[in-house]
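S.K.:
Residue numbers (this note's numbering), protein chains in the order written: chain A, 1 to 580; chain B, 1001 to 1292.
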C-alpha cells in the first residue's frame, strides 16, 4: 500500500490544495458497514471527497464500490458508520432527500423509462405544471437549456427507447443536473460507450468539476482513472485500502492495491499498455505516448498461410425475430485461421449477439458457415459442438450455466452425451472430469457438489471456460469472456485464450471492452448496426482508428478477399502476447 | 331504426366494459395485472344492491358499489404490494373470494341463493328501448367520459406520467424519489373503484343482484385492455367492438338463422382472434406482474 492512505491530505486540483477541514468536504463517509444477508458488502469503508474534485473510486468487481455509492445516494441505509454531505450528517437518508441535497447518481444500468420521452424522463418526479396538467413545452425547453449549458445535447422530444446508449447516458446525467446535483456519482459510465463518446463524457465531467461540482467516478478501468481523476480511493473486499493523488501514482500501483498482490499480466487487459481511449483534449495524454506494444508492422508482410480457415462466414445475415425486414446481422463475411484471435469490437447491441448466436447454432441465419472447411449451416448446436466448436456465451447465467445444478453437472452441460454408460449418465466419469477440470482451471471453492449459484462470478465463468476449453476443440467463440469477472480471473482467462491460440486454435473474441480486444487480438473487426464495417491488423488498430468505425462515422465494409490478405499472423509463429 | 336500437344496445352493453377496462388500464399501468376486475365488479354489483335496498337511493347504492370494488382492490393491493404475493394467484383468489362472499351475503341479507329483491335504478332501462332512453341514465354519460378522461390523466398530468413510469421501470421512478408503492396502491384501488362502478351499472340496470351476474365481463374488459394496448382511446374502441359483437349475437339469436350455440360464441371467438391475431406484438407495461 502506498503512504497516502486514509488521510485527507489534499484537496485535489487547486493550487491551494491543503488539508481541508472536515466540513469543507463535500462527501465524508466513515466506517461504513453494510450487510446483505450474511454477505458483508462494505466493511468499515471510508470516502472523503472535497468539493470541486474529480474522484475515482476503484476496485475489483464485488469490492463494494457500488454499495458504498448507493448508500451515499440514499438507496441503501448503512448498518454502521456515518455519512456527511457538505458537513451535514445525513446517515441513512432517503433518495428524495439526497436528490434535494444535490446528490445525483448515474447508475450502471440506466434508470430510464424507455417508453417515455427524453424530457419526460428528465423531469419525472418534479414535473413543471400548468394548472393541473403537465407542462410539456416547458419541460422540453428546460431540457434544451440544460443541455446547451452542460454540453449534453439530446433532442428532448425523442423517445428514450430510440436513443443510442451514449445519448441515453446523457439523459441520465441531465436528470441529475435538472435536480440541481452538485455531487455527481457515476457507476461504471464508460462500459457501454465508444471511444469518442467516452471523450465527450470526460469533457462534460471536467466542465462540471471546473464549475465547482464534485464528481465520483466508479470504475475498474485504470486508464480511465489515470486520464481523468484528481484523486483515487481504492477499495478491496468492502474496505478502503488506499487513498492516493492521481499524479503521485501509477496504474501498476493502483492495480496492486486493488488486488492486494502484484498483477503483471492483467495490465494488458486493464489498459496500462494501451493508448488510452480516454485521453482528453487538455494534454493529459501521457499514456498515448507509450504507444503500441511491439508494433507488429512486420506481420503485415508475413505470407498468408495456405491452411484453410478454421472458421469461415460468407454473407451471414440474421433477421430480427419480430420483424423480418430488420437485419440484426447484415451480410457478415470473415475468416479466422488456426492460431489466430480475431477480436470483434463495437458498441454493444450492434449485432454481436446475433453473430455469436448464428455461429453457435442458436439463431437462424442465411449465408454460409464453414467449420474447418465443412459446411455446418444445417447442423444443430450439439453437432456443431461435436464438430469442434466451443462457445463461451455472453450471458453466463442465462446461456452458460444452470445455476441450480452443481459444478460437476455444469461442467458437462451440452457434452452429457459423452458421459454416459448405456442409457444413464456415468456418475463416476462425471466426477472424475469435475475433479480434473476444477484443478486445471483453479475453480474455487474446489467442491464439485456445490450449486453453480454459490460460486463467485469469476469462478462461474471459469466453469464455462473449463467446459469449453478443457476438451478437444478447434474453434472457440468467446463472447464477453471476462464480463463481470474479477481481475484475477480476467488474468487467468486471458492467459487461457492466449495459450489456446498458441496451440493452434482459432478464436473469435467478441467483447465490449476495447482494451480486452486490443490486448488479445491478432486482427480487430468492428461491428456497427449489424455489419462488419472493418477488419484491421492489430498493429494499426488503435482506439483512435477504431473509434470512428464504432460510431458509424467511418465505414468501409471489407470483402473476404481483402480480409484474407490482411491476415496479420501466420500459423505457429511464437508470440509475445503473453508477456510475463 | 334497427341501427339506432343496435347502437343503443351496444352502448348499454359496453358500459360495464368501459368502467372495468378503465380500471384495468390504471392497474396494469402501475404494473399490477388486472386479473381481478371480475371480482371487483361482482363485489361492486352486490354492494350497490345492498346500498340501494337499504337506502332506497340509487346514488347511495352507486357509492356503495364503488366502495365495495375499492375494498376488494385493497385486499389485492395489500397482498401483492405489501406481501408480494404472486399476482396471478392473488388475482384469481380475489375472484373466487368475490364469488363466495357475495353468495354468502346474499343468503345472509336477502335469504336467497339466487338473487336479491328488486331495487331502484337510474332509469333508461332496457324495456324503454331506443337511444333516448339509454341516455336517460346518468351513469351512461359517466361511462362514456371515463376512458377519455383517463387518457387525459395518463398523458397530460404529472400523476399520469408517474403512473406510466412506475409500470414501465419502477426502479427508475424510485431513483427519482417517486413513491412506487404509493402509486401502486392508488392505481389498484382506483381500478377497484372503476370496476366497482361497472358492477354498480350492471346491478342498477337490472335492478337486482343475481349470483355470478358479472358472467366473465371482467375478463372481457381485461381482453379489451390488452387488445387496446393499454391506451385508453384504443381500449374504448375495443370495448365497443366487443359490445357490438355481443349485440350482434343477441340480435341474431332472435332470428334463429344459425344454431344459437354458434351465435353465442361470437364475442368469445372475436376476443381470441383479436388477442392472437391483432395484438400479437403489443408490448405490455414492462414491469407488469413483476415485483422487483
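All C-beta atoms in this analysis are idealised placements derived from N, C-alpha and C, irrespective of residue type, glycine included.
Between which residues of its own chain and residue 64 (chain A) is the CB-CB distance below 7 Å, once the five residues before and five after are set aside?
M.R.: Once the five neighbours on either side are set aside, the close Cβ partners of residue 64 (chain A) are 41, 42, 45, 235, 238.
S.K.: Does any residue of chain A have a CB that is nearer than 8 Å to the CB of residue 1175 (chain B)?
M.R.: Chain A contact via Cβ: present.
S.K.: Answer yes or no: does any C-beta atom of chain B fall closer than 8 Å to that of residue 95 (chain A)?
M.R.: Chain B, which has a Cβ nearer than 8 Å to the Cβ of residue 95 (chain A), makes this yes.
S.K.: Run through chain E and tell me which residues come within less than 8 Å of residue 112 (chain A), C-beta to C-beta.
M.R.: Protein chains in the displayed structure are A and B, and chain E is not among them.
S.K.: Hey, is the region 424–436 of chain A in contact with the region 341–358 of chain A, meaning 3+ C-beta pairs nearer than 8 Å?
M.R.: No contact exists between the region 424–436 of chain A and the region 341–358 of chain A.
S.K.: Rank B:1137, B:1235, B:1288, B:1100 by C-alpha distance to the C-alpha of residue 1204 (chain B) and give the top, closest one.
M.R.: When only C-alpha atoms are compared, the closest one is B:1137.
S.K.: Report buried or exposed for residue 1015 (chain B), applying the criterion of at least 16 other Cβ atoms within 10 angstroms of its Cβ.
M.R.: Under this definition residue 1015 (chain B) is a buried residue.
S.K.: Do you know offhand how far residue 1059 (chain B)'s Cα is from residue 1109 (chain B)'s?
M.R.: Using only the alpha carbons, I get a separation of about 20 Å.
S.K.: I want to verify the contact list: residues of chain A whose CB lies under 7 Å from the CB of residue 1158 (chain B), in sequence order.
M.R.: Within chain A, the residues near residue 1158 (chain B) are 127, 129, 134.
S.K.: With 8 Å set as the bound, which would you pick, yes or no: does the beta-carbon of residue 107 (chain A) sit closer than that to a beta-carbon of chain B?
M.R.: Yes - at least one Cβ of chain B is within 8 Å of the one on residue 107 (chain A).
S.K.: Looking at the strands, I want to know which residues DSSP matches up with residue 235 (chain A).
M.R.: Residue 235 (chain A) is bridged to A:240.
S.K.: Within 8 Å, do at least three Cβ pairs link the region 1017–1024 of chain B to the region 1189–1199 of chain B?
M.R.: Touching, yes.
S.K.: Can you tell which of A:501, A:502, A:516, A:452 has the C-alpha that lies nearest to the C-alpha of residue 482 (chain A)?
M.R.: The option with the nearest alpha carbon to residue 482 (chain A) is A:516.
S.K.: Taking just the CA atoms, how far does residue 1116 (chain B) sit from residue 1210 (chain B)?
M.R.: Roughly 6 Å between the two C-alpha positions.
S.K.: Does the structure place the region 532–543 of chain A close enough to the region 363–382 of chain A that three or more beta carbon pairs sit under 8 Å?
M.R.: With the cut-off at 8 Å, the region 363–382 of chain A and the region 532–543 of chain A do not touch.
S.K.: Mind pulling the chain A residues with CB within less than 9 Å of residue 1084 (chain B)?
M.R.: The premise fails here: residue 1084 (chain B) is roughly 17 Å from chain A at the closest Cβ pair, so nothing lies under 9 Å.
S.K.: Quick one: give me the first and last residue of the beta strand (DSSP E) that residue 335 (chain A) is part of.
M.R.: Unbroken beta strand (DSSP E) run through residue 335 (chain A): 323–336.
S.K.: Check whether the Cβ atoms of residue 160 (chain A) and residue 118 (chain A) sit closer than 8 Å, and answer yes or no.
M.R.: Yes, the pair counts as a contact, with Cβ atoms nearer than the cut-off.
S.K.: Mind checking residue 1149 (chain B): buried by the 16 CB within 10 Å criterion, or exposed?
M.R.: Under this definition residue 1149 (chain B) is an exposed residue.
S.K.: Measure how close the beta-carbons of residue 115 (chain A) and residue 1164 (chain B) come, nearest whole angstrom, since I'm counting them as under 8 Å.
M.R.: Confirmed, about 7 Å.
S.K.: Using 8 Å as the limit for Cβ to Cβ distance, is residue 1006 (chain B) near chain A?
M.R.: No, its Cβ sits nowhere closer than 8 Å to a Cβ of chain A.
S.K.: Does any CB atom of chain B fall closer than 8 Å to the CB of residue 99 (chain A)?
M.R.: At least one chain B Cβ lies under 8 Å of residue 99 (chain A).
S.K.: Decide if residue 232 (chain A) is buried, meaning its Cβ has at least 16 other Cβ atoms within 10 Å, or exposed.
M.R.: Classification for residue 232 (chain A): buried.
S.K.: Could you give the distance in angstroms between the alpha-carbon of residue 66 (chain A) and the alpha-carbon of residue 408 (chain A)?
M.R.: So the alpha carbons of these two residues sit roughly 32 Å apart.
S.K.: Would residue 1164 (chain B) count as contacting chain A if we go by Cβ distances under 8 Å?
M.R.: Residue 1164 (chain B) counts as touching chain A.
S.K.: Starting from the Cα of residue 1099 (chain B), find the closest Cα among B:1085, B:1063, B:1045, B:1269 and give me that residue.
M.R.: The option with the nearest alpha carbon to residue 1099 (chain B) is B:1045.
S.K.: Just the Cα atoms here: how many angstroms apart are residue 428 (chain A) and residue 510 (chain A)?
M.R.: Answer to the nearest angstrom: the Cα atoms are 36 Å apart.
S.K.: With 8 Å set as the bound, which would you pick, yes or no: does the beta-carbon of residue 1161 (chain B) sit closer than that to a beta-carbon of chain A?
M.R.: True, the Cβ-Cβ gap to chain A drops below 8 Å.
S.K.: Cβ closer than 8 Å: which chain A residues qualify as neighbours of residue 1178 (chain B)?
M.R.: Chain A residues near residue 1178 (chain B): 124, 125.
S.K.: I'd like to check one pair, residue 172 (chain A) with residue 258 (chain A): are the Cβ atoms closer than 8 Å?
M.R.: No.
S.K.: Among A:330, A:167, A:461, which residue has its Cα nearest to the Cα of residue 157 (chain A)?
M.R.: The option with the nearest alpha carbon to residue 157 (chain A) is A:167.
S.K.: Measure how close the beta-carbons of residue 125 (chain A) and residue 1176 (chain B) come, nearest whole angstrom, since I'm counting them as under 8 Å.
M.R.: The Cβ separation is near 4 Å, so the contact holds.
S.K.: For residue 30 (chain A), which residues does DSSP report across the bridge?
M.R.: In DSSP, residue 30 (chain A) forms a bridge with A:82.
S.K.: How should residue 378 (chain A) be labelled, buried or exposed, when 16 other C-beta atoms within 10 angstroms of its C-beta is the threshold for buried?
M.R.: Per the 10 Å Cβ criterion, exposed.
S.K.: Starting from the C-beta of residue 182 (chain A), find all residues in its chain whose C-beta is less than 6 Å away, skip the five residues before and the five after it, and write them out in chain order.
M.R.: 102, 213.
S.K.: Taking the alpha carbon of residue 1076 (chain B) as the reference point, which residue from B:1162, B:1036, B:1178 has its own alpha carbon closest?
M.R.: When only C-alpha atoms are compared, the closest one is B:1036.
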